[in-house]
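S.K.: Handing you this structure, nothing more for now.
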Amino acid sequence: MADPTTIPPRSGAAFTLDRGQMLTVIDPEGRQVSDLLAFARDDLREVISSGRTLDYANRIYLTTGDRLYSNRSNVMLEIVEDRVGRHDFLLTPCSKDTFRIIYGDTDPHRGCFGNLAAALEPYGVEPDAIPVAFNCFMNVPVDGATGKLSVLPPISKAGDSITFRAAMDLVIGLTACSAPASNGGSFKPIEYRVEAA
Ligand SMILES: [Zn+2]
0 MADPTTIPPR SGAAFTLDRG QMLTVIDPEG RQVSDLLAFA RDDLREVISS
50 GRTLDYANRI YLTTGDRLYS NRSNVMLEIV EDRVGRHDFL LTPCSKDTFR
100 IIYGDTDPHR GCFGNLAAAL EPYGVEPDAI PVAFNCFMNV PVDGATGKLS
150 VLPPISKAGD SITFRAAMDL VIGLTACSAP ASNGGSFKPI EYRVEAA
């Protein structure tokens, strides 16, 4: 098996994924979130869609067997293995404004949003095209009665992973998340591996 590629703490990467290829996102140290974005390679205006996906799944927690749909209701990715079972698909990538508004930072980090925008820029993706990410390992329980969200540390342990199969040719954006609350208060790397079907 090929060695995984490392995304250093509080940074991001972008790469292509061919139809049929498998992408495994690994949490090497545990309790670390990774935001995942997908764009159709032959038309970047087709993007991963939280709204479509959650609508069709009828659930907000997705796992093995679930499909991640685009804004055009095409399947982009299928979850084929999930060793954690808790991910988030409600919240946008953390950003300068997240840190300003929620944390009160005066000199905020650019966050996953800035890291994704920089990594995806060479592929022709503009910042305004960045949608809600599939947040691997992010733990956001919801109070069923009030709808109140909590951002808790991930339940992922060192070496845990989630694997996706690409259903079309994609450009992928992936981060090691920069938000303190999402990651149990410390910033760790993320690893990923791309394999043939
Ligand atoms: Zn983040």
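If you're matching positions, the sequence shown starts at 0 in numbering that gives the first Met the number 0 and goes up one per residue.
Even for Gly, the Cβ is constructed at its ideal location relative to N, Cα and C.
Kindly indicate the opening and closing residues of the beta strand (DSSP E) around Ala39.
M.R.: Per DSSP, Ala39 belongs to the beta strand (DSSP E) from 33 to 39.
S.K.: Among the residues of its own chain, which have a CB less than 6 angstroms from the CB of Ala178, if the five just before and after it don't count?
M.R.: Hits under 6 angstroms: Cys93.
S.K.: Whole angstroms are fine: how far does the CA of Tyr122 sit from the CA of Thr15?
M.R.: So the alpha carbons of these two residues sit roughly 9 angstroms apart.
S.K.: So which residues put a beta carbon under 7 angstroms from any heavy atom of ligand 1, going in chain order?
M.R.: Residues flagged by the Cβ proximity filter: Val32, Asp34, Pro92, Cys93, Gly110, Cys111, Thr174, Cys176, Ser177, Ala178, Ser181.
S.K.: To the nearest angstrom, how far is it from the Cα of Ala176 to the Cα of Asp54?
M.R.: In the sequence as presented, Ala is not what sits at residue 176; that position holds Cys. Straight-line Cα distance between these residues: approximately 26 angstroms.
S.K.: Quick one: give me the first and last residue of the alpha helix (DSSP H) that Cys135 is part of.
M.R.: Taken as a continuous stretch (DSSP letters only), Cys135 belongs to no alpha helix (DSSP H), being part of the beta strand (DSSP E) at 133 to 135.
S.K.: Considering only residues of the same chain and omitting the five flanking positions on each side of Ile161, which have a CB-CB separation below 8 angstroms?
M.R.: Taken in chain order, the residues that qualify are Thr23, Val24, Ile78, Glu80, Asp81, Arg82, Val83, His86, Cys135, Phe136.
S.K.: Under a three-way DSSP split, which group does Arg164 fall into?
M.R.: Three-state DSSP puts Arg164 in a strand.
S.K.: Could you pull the start and end residues of the alpha helix (DSSP H) that Ile113 belongs to?
M.R.: The sequence given here has Gly at residue 113, not Ile. Residues 110 to 119.
S.K.: Looking at Phe133: is its Cβ nearer than 9 angstroms to the Cβ of Asp26?
M.R.: Against a cut-off of 9 angstroms, the Cβ pair of Asp26 and Phe133 comes out as no contact.
S.K.: Would you check if the distance between the CB atom of Leu115 and the CB atom of Leu36 is smaller than 9 angstroms?
M.R.: Going by C-beta atoms, Leu115 is nearer than 9 angstroms to Leu36.
S.K.: So is Met75 buried or exposed if we call it buried at 16+ other beta carbons inside 10 Å?
M.R.: Label assigned to Met75: buried.
S.K.: In angstroms, rounded to a whole number, what distance separates the CA positions of Arg44 and Leu67?
M.R.: Rounded to whole angstroms, Arg44 to Leu67 spans 16 angstroms at the Cα level.
S.K.: Which residue comes first and which comes last in the alpha helix (DSSP H) that contains Ala56?
M.R.: 49 to 56 is the extent of the alpha helix (DSSP H) around Ala56.
S.K.: Tell me which same chain residues have a C-beta within less than 6 angstroms of the C-beta of Ser72, skipping the five on either side of it?
M.R.: The answer, listed in chain order, is Arg51.
S.K.: Considering Ile6, what are the terminal residues of the beta strand (DSSP E) in which it resides?
M.R.: Residues 4 to 6.
S.K.: Can you have a look at Thr145 and say buried or exposed, based on whether 16 or more other CB atoms are within 10 angstroms of its CB?
M.R.: By the 10 Å Cβ count, Thr145 comes out exposed.
S.K.: Which runs of the alpha helix (DSSP H) fall wholly inside the segment 73 to 106 and span at least 4 residues, in chain order?
M.R.: The segment 73 to 106 contains these whole alpha helix (DSSP H) runs: 95 to 100.
S.K.: Strictly by DSSP, which residues pair up with Tyr191?
M.R.: The partner list for Tyr191 (beta bridge, DSSP) reads Thr4, Val24.
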